[in-house]
Amino acid sequence: MGTLENSERKVEYVKIAKKGESKKSEMIFTGLTYIAAILLIVFAIVPTIKTVQRIDSEIKSKKATTEALKSKLAALTSLDGQYSANKETFDGITLIFPNNEDFSLFLANIDSIVSRNAFALNSIGFSKIRQRSQESTLDFAVLKPYAISLNVVGNKSGLIPFLNDLEALPMYPVIESISYSNQTDDQGNTNYSISLRAYNIEEVNFYSQ
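The opening residue of the sequence shown carries number 1 in the UniProt record's numbering; numbering runs sequentially from there.
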């Protein structure tokens, strides 16, 4: 009886030992499975997610670019419509801002203005204004300021109408300074030196581009 019981106990111990080894194997297998899953996530799923995010970012960027292009196209279409509606007005810009030092329109009108106000023109001159500092002259890129110097003789009663007529010329010159002599001639006329500012476009083919 004692021998039989000992044998049975040994069998039980063997079974328990086998079950322990089996559970240990299962735990190892489960651990390896988890490790494989983690590696799969790190080396396969994460790059895929990053790729999806990159593609999504590119799509959003392209959509933003498309919207910006649509906005610019709409603005250009609007400007084209405004230009067509005001073409005659824009064509007059060539008279206001001549190019290549073409002051022929000013010269064509100055004689009639002088005579209408009972003045006599002694001399006229044009010169480009040299920019002395960044603060003294505004930078208009294309437009360049020119000084127009007039020396006229006339009665002081006609000076204000004469100045108004000068500033009403198509080039819209601006009177910058006036100097005059204290002495008058036999007819009571005074000598005036008038300085005006006008703008010229130095590019020869600016309006034909």
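Every residue, glycine too, gets a C-beta built ideally from N, C-alpha and C.
{"query": "Collapsed DSSP secondary structure at residue 103 in the structure displayed", "result": "coil"}
{"query": "Beta-carbon separation (whole angstroms), residue 122 vs residue 165, contact threshold 8 Å", "result": "18 Å between Cβ atoms; not a contact."}
{"query": "Within 8 Å, strictly: CB atoms of residue 190 and residue 156", "result": "yes"}
{"query": "Assigned secondary structure, residue 164 (DSSP; H/G/I helix, E/B strand, else coil)", "result": "helix"}
{"query": "Spatially closest choice to residue 200 from 114, 49, 126, 71, by CA coordinates", "result": "126"}
{"query": "8 Å CB neighbourhood of residue 161 in its chain, flanking five on each side removed", "result": "117"}
{"query": "6 Å Cβ shell around residue 193 - same chain, five flanking residues per side excluded", "result": "151, 179"}
{"query": "Which of helix, strand or coil DSSP assigns to residue 173", "result": "coil"}
{"query": "Span of the beta strand (DSSP E), counted from its first residue to its last, around residue 120", "result": "119-128"}
{"query": "Three-state secondary structure (DSSP) of residue 109", "result": "helix"}
{"query": "Nearest-angstrom Cα separation, counted from residue 102 out to residue 185", "result": "35 Å"}
{"query": "Which residues DSSP lists as bridging residue 145, in chain order", "result": "199"}
{"query": "Beta-carbon separation (whole angstroms), residue 173 vs residue 196, contact threshold 8 Å", "result": "4 Å"}
{"query": "Residues bridged to residue 152 [DSSP beta-bridge criterion]", "result": "121, 192"}
{"query": "Residue 106 beta carbon less than 8 Å from that of residue 171", "result": "yes"}
{"query": "For residue 187, three-class secondary structure by DSSP", "result": "coil"}
{"query": "Selection from 47, 168, 69 that minimises the alpha carbon distance to residue 198", "result": "168"}
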